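In our numbering, the protein residues as written are 964 to 1045. Presented below is the structure to which this report refers.
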């Protein structure tokens, strides 16, 4: 797992905000792996959100180690509410 970073004061871009908002209605703030067309979200988008402190890795999937299973953080919820 990556080290935690302090939350960023920067605002997410439109794609990041779309991804983060989807965690608001999910149990535990779980963020989706795939978009509405069934395409896997870009790992660069996910890593950017993690690096800004808006999302965090939840657990590693032993069957799909390349999947980034994440959940929304409190700072992530705050940027969604702005």
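Cβ coordinates follow ideal geometry from the N, Cα and C atoms, glycine included. The structure presented is a predicted model; accordingly, all values stated were derived computationally and were not measured.
C-alpha distance - residue i paired with residue j, whole-angstrom precision
i, j, result
"residue 985", "residue 996", "11 Å"
"residue 983", "residue 1006", "14 Å"
Cβ-based burial, residue i [other Cβ within 10 Å; buried from 16]
i, result
"residue 979", "buried"
"residue 966", "In this prediction, residue 966 scores a pLDDT of 49, lower than 50, which makes its location untrustworthy; the coordinate-derived value is nonetheless stated afterwards. Counting Cβ neighbours within 10 Å, residue 966 comes out exposed, since fewer than 16 surround it."
"residue 992", "buried"
"residue 975", "buried"
First and last residue of the uninterrupted beta strand (DSSP E) at residue i
i, result
"residue 999", "Unbroken run through residue 999: none, as it is neither H nor E."
"residue 1035", "1032-1035"
Start and end residues, alpha helix (DSSP H) containing residue i
i, result
"residue 1026", "Looking at the DSSP string, residue 1026 is not in any alpha helix (DSSP H), and its letter there is neither H nor E."
"residue 978", "977-984"
"residue 974", "No alpha helix (DSSP H) contains residue 974, which DSSP labels as neither H nor E."
Cβ distance (whole Å) where residue i is taken to contact residue j below 8 Å
i, j, result
"residue 1018", "residue 1035", "6 Å"
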